[in-house]
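Participant: Pasting in a structure now, in structure tokens, and then I'll have a few things to ask.
Protein chains: 2
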Amino acid sequence: MTSTRIASPSDASEIAELLVAFNTEFEVPTPAAAVLADRLSTLLHSEDTFAILEGGPARGVALVTLRRNVWYSGRVALLDELYVKPEDRNHGIGSKLIQHLFSVAKERSLALIEINVDEGDIDAQRFYSRHHFSAADPDTHERAFYYYREFE
Amino acid sequence: MTSTRIASPSDASEIAELLVAFNTEFEVPTPAAAVLADRLSTLLHSEDTFAILEGGPARGVALVTLRRNVWYSGRVALLDELYVKPEDRNHGIGSKLIQHLFSVAKERSLALIEINVDEGDIDAQRFYSRHHFSAADPDTHERAFYYYREFE
């Protein structure tokens, strides 16, 4: 039996705690755990968001949102966050989460998984390359930067 | 009266022709116009995809998909494509499309607009910077690369 599983809406609080820990570790301002838990509880009830957890209590989480895209018949998944607790790193938990995500992608006929990786985070870039992600466009062989404008 | 407007599902064929022209111009393999028109017709009926057109017949298009995200209460928009016909460039049509997108973002309480811009496409990077997009994370001041893995 594997301890890697799709989260249910009742896991919202546990996931929220992991996301707060993630922001706190990287010194990024974070919404309160209760706010995130509320949102997650709604999101995890929908078809368009799912999370994968490893361990009980959870040692790591992958949070994924889905959208449509004109270039593919299947849906496109964005890996919003992949986080493993500091004390549980270097035990392959990130890889277990990613492998589980690949199974879900195949089951649900997802077309693509996307993730944005910091320019200087060479470890994360290696991790995703090892798991068959690429930054180079197949046609232009060029990488792309993520640009954004916030309104909220 | 402005000639910039939200597309209706009946504009699907015209948008498909623009997307094929876009791929052809940049020598990228493209699905047939009929396939794209079919998909667009479905997508434009949904809540999660919209397009903005400029001119009649259209001289440019912005294609946008929406998703949820745990970090924001509003939805997040991804600008999948922004294309202006070669013969109509340098007349501010791209800016008109972007400004119209900003109005829609405010009307619909969108939290964020995202776009991936090629590393070497300095003109596009200048265009988005001029329209208040940023590549640098507000907290880490770092840029991020777009990584993906295809399954389709």
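For the record, the sequence lines run as chains H and W. Taking the working numbering, the leading residue of the first sequence gets 1, the next gets one more, and so forth. Taking the working numbering, the leading residue of the second sequence gets 1001, the next gets one more, and so forth. Think of the CB as a built atom: it goes at the ideal place given N, C-alpha and C, for glycine as much as any other residue.
Look at the alpha carbon of Leu1053 of chain W and the alpha carbon of Ile6 of chain H, and state the distance between them as a whole number of angstroms.
Facilitator: Straight-line Cα distance between these residues: approximately 40 Å.
Participant: List the whole-angstrom C-beta distance separating Val1064 of chain W from Leu1040 of chain W, where the pair is believed to meet the contact cut-off of C-beta under 8 Å.
Facilitator: About 12 Å; that fails the 8 Å criterion.
Participant: Rounded to a whole number of angstroms, what is the C-alpha to C-alpha distance between Arg1089 of chain W and Asp1080 of chain W?
Facilitator: 19 Å
Participant: From the beta carbon of Tyr1128 of chain W, is the nearest beta carbon of chain H less than 7 Å away?
Facilitator: yes
Participant: Look at Ala1062 of chain W and Leu1097 of chain W and say whether their C-beta atoms are less than 7 Å apart.
Facilitator: yes
Participant: Counting only Cβ pairs nearer than 7 Å, list the residues of chain H close to Pro1057 of chain W.
Facilitator: Near Pro1057 of chain W there are no residues of chain H at all, since even the closest Cβ is about 20 Å away, more than 7 Å.
Participant: Mind pulling the chain C residues with CB within less than 8 Å of Arg68 of chain H?
Facilitator: You won't find chain C in this structure, because its protein chains are H and W.
Participant: Contact between the stretch 1114 to 1123 of chain W and the stretch 145 to 152 of chain H: three or more CB pairs below 8 Å?
Facilitator: yes
Participant: Cα separation between Arg126 of chain H and Asp38 of chain H?
Facilitator: Arg126 of chain H and Asp38 of chain H have their alpha carbons spaced roughly 34 Å apart.
Participant: Taking Gly1094 of chain W as the reference, give the member of W:Asn1069, W:Arg1067, W:Asp1123 with the closest Cα.
Facilitator: W:Asp1123
Participant: State yes or no: is the beta carbon of His141 of chain H nearer than 7 Å to at least one beta carbon in chain W?
Facilitator: Chain W, which has no Cβ nearer than 7 Å to the Cβ of His141 of chain H, makes this no.
Participant: Would you kindly work out how many angstroms separate the C-alpha atoms of Asp1168 of chain W and Ala1136 of chain W, rounded to a whole number?
Facilitator: Since the first residue of chain W shown is 1001 and the last is 1152, residue 1168 of chain W is not available in this structure.
Participant: Buried or exposed: Gly56 of chain H, going by 16 or more other Cβ atoms within 10 Å of its Cβ?
Facilitator: Flag for Gly56 of chain H reads exposed.
Participant: Can you find a CB in chain W that lies within less than 7 Å of the CB of Asp145 of chain H?
Facilitator: First, the amino acid is wrong: residue 145 of chain H is Phe here, not Asp. True, the Cβ-Cβ gap to chain W drops below 7 Å.
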